[in-house]
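The structure appears right after this line, and notes come after that.
Residue numbers (this note's numbering), protein chains in the order written: chain U, 555 to 668; chain A, 30 to 396.
Structure representation (structure tokens):
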């Protein structure tokens, strides 16, 4: 579950040297209720890095959850540790397409009894 | 920035005052705080206000804040503002104003939940909205002066459906039988039918309601992720322990509710196994995660969180099990229930201080 970040878990478009550190940063953001990180749960929809911005698209499993902001803040804080200072960080919350359990990593699914 | 801090302080004060007033009313009712509550002419009314302060004033306000934070609309805070001030009115004897502010709160809250459904149309968001509608129904009956037997099933349906909806959402992480969601909806439909029926036919209505509670406990025991997350560690395991303990009391509440409908002396067990054993255990489980999100106060989690949780559950055994044999033990158990809640509040405060000591005062508050 807390295996090294699975970079194939989300689409990545940007400089290759940043791929691994960005995935590792996002994998440090954990949903406290289930002890699983947002990459394993499949909440990361995509990361694009261009000359000015590192853009991360995240979803949540529920629109009624008050912890959304906290998870977004934490993602930003973790990204801040690995993203070069000249790049802006943008964490965007998206609801389309809706999250489904097929997005969970193999380890996460095994833990939840799939 | 200053405004937000003030708003948080105001909402914290409203919820805190409701909780304190609700606990005081509950103790008074059992004759703990005064020698003889029956010397007071309005004992029945005090009973109802105790429940209104706990369910609408405290829990309704907290859940209202939680949902308002999630939808990120300023107007959504009108719901907890109305429920909190309504509770203050009730505590100071302004019955009509308090009751109608409660109706306004529930209607706003239903509106907020409609926004959630609009954003994410799913079984769990629809159930959350149905729970909000149950709160509207309960508050309307309360405002029209109906007795507790008609009001309580709706108020508890609001809390129970809110929790059930959130647990249903989490079960999506697990492989589950396709019938799980349909089964839950059938159980909650029975709950609502029981609530509606209780107003006119307390016996049949109460039997249906109690059966629905017991079936819900069985559903949660079978399908909830807590059975898996209890095998993890730290805060995830703590939350799972809170949940599983709550489910056990939910089953007790269902049996006691049905027995009370048949004339058994189990009304106190039904109400408090549900309100304290199930709902407050749930609150204790979620507080370390939700408080940082809604109050922006960070907490240091540690095994010490298990102490007030154990105190709550043990005090419930004293009150609801041993208390069946002796009124004195029941009253003692109720005092211990109150002490457990205060213990938890102190634990949370201590965890906030511990976080600040660990991380330095600078980062403790973020706006």
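Built from N, CA and C at the ideal position, the CB exists for glycine as well.
**Study point:** Interface positions of the segment 142 to 161 of chain A facing chain U (Cβ-Cβ less than 7 angstroms), listed along the chain
**Key:** 145, 148, 149, 153, 154 and 157
Exercise for review: Tell me, please, whether the CB atom of residue 618 of chain U is closer than 8 angstroms to any CB atom in chain A?
Suggested key: As a first step, residue 618 of chain U is located in the first chain; it is residue number 64 there, counting from the start. Interface residue, yes.
**Study point:** Neighbourhood of residue 254 of chain A by C-beta, 7 angstroms cutoff - its chain only, sequence neighbours within 5 removed
**Key:** Counted from its first residue, the second chain places residue 254 of chain A at position 225. So the list reads 199, 200, 202 and 203, once near-sequence residues are dropped.
**Study point:** Option in A:163, A:42 and A:192 with minimal Cα separation from residue 180 of chain A
**Key:** On the second chain, position 151 is the one that residue 180 of chain A refers to. That would be A:163, whose Cα lies nearest to the Cα of residue 180 of chain A.
Exercise for review: Rank A:320, A:368, A:364 and A:350 by C-alpha distance to the C-alpha of residue 378 of chain A and give the top, closest one.
Suggested key: Position 349 of the second chain, counted from the first residue, corresponds to residue 378 of chain A. The residue with the shortest Cα to Cα distance from residue 378 of chain A is A:320.
Exercise for review: Please name the residue or residues paired with residue 602 of chain U in a DSSP beta bridge.
Suggested key: As a first step, residue 602 of chain U must be located in the first chain, where it is residue number 48. Its beta-bridge partners are U:567 and U:609.
Practice item. Give the straight-line distance between the Cα atoms of residue 64 of chain A and residue 646 of chain U, rounded to the nearest whole angstrom. Key: Reading the second chain from its first residue, position 35 is the one you call residue 64 of chain A. Reading the first chain from its first residue, position 92 is the one you call residue 646 of chain U. Because the pLDDT at residue 64 of chain A is just 47, under 50, the model does not fix this residue reliably, and the value given afterwards should be weighed accordingly. Cα-Cα distance, rounded: 59 angstroms.
Exercise for review: For the beta strand (DSSP E) holding residue 95 of chain A, just list the boundary residues, first then last.
Suggested key: Stepping through the second chain from its first residue, residue 95 of chain A is reached at position 66. Premise fails: residue 95 of chain A lies in the alpha helix (DSSP H), 90 to 100, not in any beta strand (DSSP E).
Review point. Does any residue of chain U bring its CB to less than 8 angstroms from the CB of residue 64 of chain A?
Key: Reading the second chain from its first residue, position 35 is the one you call residue 64 of chain A. Here residue 64 of chain A scores only 47 on pLDDT, less than 50, and its place in the model should not be relied on; the value that follows carries that caveat. At a cut-off of 8 angstroms between beta carbons, residue 64 of chain A makes no contact with chain U.
Exercise for review: Within 10 angstroms of the Cβ of residue 656 of chain U, are there 16 or more other Cβ atoms? Answer buried if so, exposed if not.
Suggested key: Indexing the first chain from 1 puts residue 656 of chain U at position 102. Label assigned to residue 656 of chain U: exposed.
Point to revise | Proximal residues of chain U, C-beta to C-beta of residue 241 of chain A below 7 angstroms | key: The residue given as residue 241 of chain A occupies position 212 in the second chain. Neighbours of residue 241 of chain A on chain U: none; closest Cβ ~22 angstroms, over 7 angstroms.
Review point. Run through DSSP, which three-state label would residue 642 of chain U get?
Key: By 1-based counting over the first chain, the position of residue 642 of chain U is 88. Reduced to three states, the DSSP call for residue 642 of chain U is strand.
**Study point:** residue 258 of chain A - containing alpha helix (DSSP H), residue span
**Key:** As a first step, residue 258 of chain A must be located in the second chain, where it is residue number 229. Note, residue 258 of chain A: alpha helix (DSSP H), 255 to 258.
Exercise for review: Would you mind sorting residue 229 of chain A into buried or exposed? The rule is 16 or more other CB atoms within 10 Å of its CB.
Suggested key: Along the second chain, read from residue 1 onward, the residue named residue 229 of chain A stands at position 200. By the 10 Å Cβ count, residue 229 of chain A comes out exposed.
Practice item. Give a yes or no on whether the C-beta atoms belonging to residue 576 of chain U and residue 601 of chain U are separated by under 8 angstroms. Key: Counted from its first residue, the first chain places residue 576 of chain U at position 22. Counted from its first residue, the first chain places residue 601 of chain U at position 47. Yes, these two residues count as a Cβ contact at 8 angstroms.
Practice item. Flag this pair as yes or no: are the beta carbons of residue 193 of chain A and residue 213 of chain A separated by less than 8 angstroms? Key: In the second chain, residue 193 of chain A corresponds to position 164, counting from 1. In the second chain, residue 213 of chain A corresponds to position 184, counting from 1. In this structure, residue 213 of chain A lies closer than 8 angstroms to residue 193 of chain A by Cβ.
Check your understanding: Any idea if residue 121 of chain A is buried or exposed, counting beta-carbon neighbours within 10 angstroms, 16 or more meaning buried?
Key -> The count along the second chain starts at 1 and reaches residue 121 of chain A at position 92. Its Cβ having fewer than 16 others within 10 Å, residue 121 of chain A is exposed.
Point to revise | First and last residue of the uninterrupted alpha helix (DSSP H) at residue 635 of chain U | key: Translated into positions along the first chain, residue 635 of chain U becomes position 81. According to the DSSP assignment, residue 635 of chain U belongs to the alpha helix (DSSP H) that extends over 622 to 636.
Check your understanding: Within 10 angstroms of its Cβ, does residue 640 of chain U collect 16 or more other Cβ (buried), or is it exposed?
Key -> Within the first chain, numbered from 1, the residue matching residue 640 of chain U stands at position 86. In summary, residue 640 of chain U is exposed, with fewer than 16 beta-carbon neighbours lying within 10 Å of its beta-carbon over all protein chains present.
Practice item. Anything in chain A within Cβ reach of residue 615 of chain U, meaning under 7 angstroms, just list it in chain order. Key: Here residue 615 of chain U refers to the residue found at position 61 of the first chain. Per Cβ cutoff of 7 angstroms: 198 and 201.
Review point. Would you report the Cα separation of residue 407 of chain A and residue 376 of chain A, rounded to the nearest angstrom?
Key: Past the boundaries of the shown model lies residue 407 of chain A; chain A is included only from 30 to 396, so the question cannot be answered.
Review point. Near residue 126 of chain A, which residues of its chain fall below 8 angstroms by C-beta distance, leaving aside the five closest residues on each side in sequence?
Key: Here residue 126 of chain A refers to the residue found at position 97 when the second chain is read from its first residue. Counting only Cβ-Cβ distances below 8 angstroms, and skipping sequence neighbours, we find 115 and 118.
Review point. Are the segment 128 to 144 of chain A and the segment 97 to 117 of chain A touching by the rule of at least three beta carbon pairs closer than 8 angstroms?
Key: Contact between the segment 128 to 144 of chain A and the segment 97 to 117 of chain A is present, with at least three C-beta pairs closer than 8 angstroms.
Exercise for review: Would you identify the three-state DSSP class for residue 8 of chain A, choosing helix, strand or coil?
Suggested key: Shown here, chain A extends from 30 to 396; a query on residue 8 of chain A therefore has no answer.
Exercise for review: Within the same chain, show all residues whose beta-carbon is closer than 7 angstroms to that of residue 352 of chain A, passing over the 5 residues directly before and after it, in chain order.
Suggested key: Residue 352 of chain A sits at position 323 when you count from the first residue of the second chain. Counting only Cβ-Cβ distances below 7 angstroms, and skipping sequence neighbours, we find 358, 359 and 362.
**Study point:** Cβ of residue 587 of chain U within 8 angstroms of any chain A Cβ
**Key:** Taking the first residue of the first chain as 1, we reach residue 587 of chain U at position 33. By this cut-off, residue 587 of chain U is an interface position.
Check your understanding: Within the 8 angstroms Cβ cut-off, does residue 651 of chain U reach chain A?
Key -> Working through the first chain from its first residue, we reach residue 651 of chain U at position 97. It does not: the Cβ of residue 651 of chain U has no partner Cβ on chain A nearer than 8 angstroms.
Point to revise | Closer than 7 angstroms at the beta carbon, the chain U residues around residue 95 of chain A | key: The count along the second chain starts at 1 and reaches residue 95 of chain A at position 66. Those are 620, listed as they occur along chain U.
Practice item. Per DSSP, which residues does residue 584 of chain U bridge with? Please list them. Key: In the first chain, residue 584 of chain U corresponds to position 30, counting from 1. U:591, per the DSSP bridge assignment.
Practice item. Compare the Cα-Cα distances from residue 368 of chain A to each of A:343, A:161 and A:288 and report the closest residue. Key: Residue mapping note: residue 368 of chain A aligns to position 339 of the second chain, counting from 1. Looking at the Cα atoms, A:343 is the closest of the given residues.
Practice item. Measure from the alpha carbon of residue 664 of chain U to the alpha carbon of each residue in A:257, A:340 and A:172, then state which is nearest. Key: Within the first chain, numbered from 1, the residue matching residue 664 of chain U stands at position 110. Checked all of A:257, A:340 and A:172; the closest Cα to residue 664 of chain U is A:257.
Review point. Touch check for the segment 78 to 91 of chain A and the segment 304 to 312 of chain A: three-plus C-beta pairs under 8 angstroms?
Key: yes
Point to revise | Pairwise C-alpha distance: residue 205 of chain A and residue 66 of chain A | key: If you number the second chain from 1, residue 66 of chain A lands on position 37. If you number the second chain from 1, residue 205 of chain A lands on position 176. No answer about residue 66 of chain A holds up, because its pLDDT of 49 lies below 50 and its placement is not dependable.
Check your understanding: With which residues is residue 647 of chain U paired in a DSSP beta bridge?
Key -> For the purposes of this step, residue 647 of chain U is taken as residue 93 along the first chain, with counting starting at 1. DSSP, once it has assigned bridges, lists U:612 as partnering residue 647 of chain U.
Exercise for review: Answer yes or no: do residue 616 of chain U and residue 153 of chain A have a C-beta to C-beta separation smaller than 8 angstroms?
Suggested key: Counted from its first residue, the first chain places residue 616 of chain U at position 62. Counted from its first residue, the second chain places residue 153 of chain A at position 124. Yes, they are a contact pair.
Exercise for review: Pull up the CB-CB distance for residue 189 of chain A and residue 245 of chain A, whole angstroms please, since I reckon it's below 8 angstroms.
Suggested key: By one-based count along the second chain, residue 189 of chain A stands at place 160. By one-based count along the second chain, residue 245 of chain A stands at place 216. Right, their Cβ atoms sit about 7 angstroms apart.
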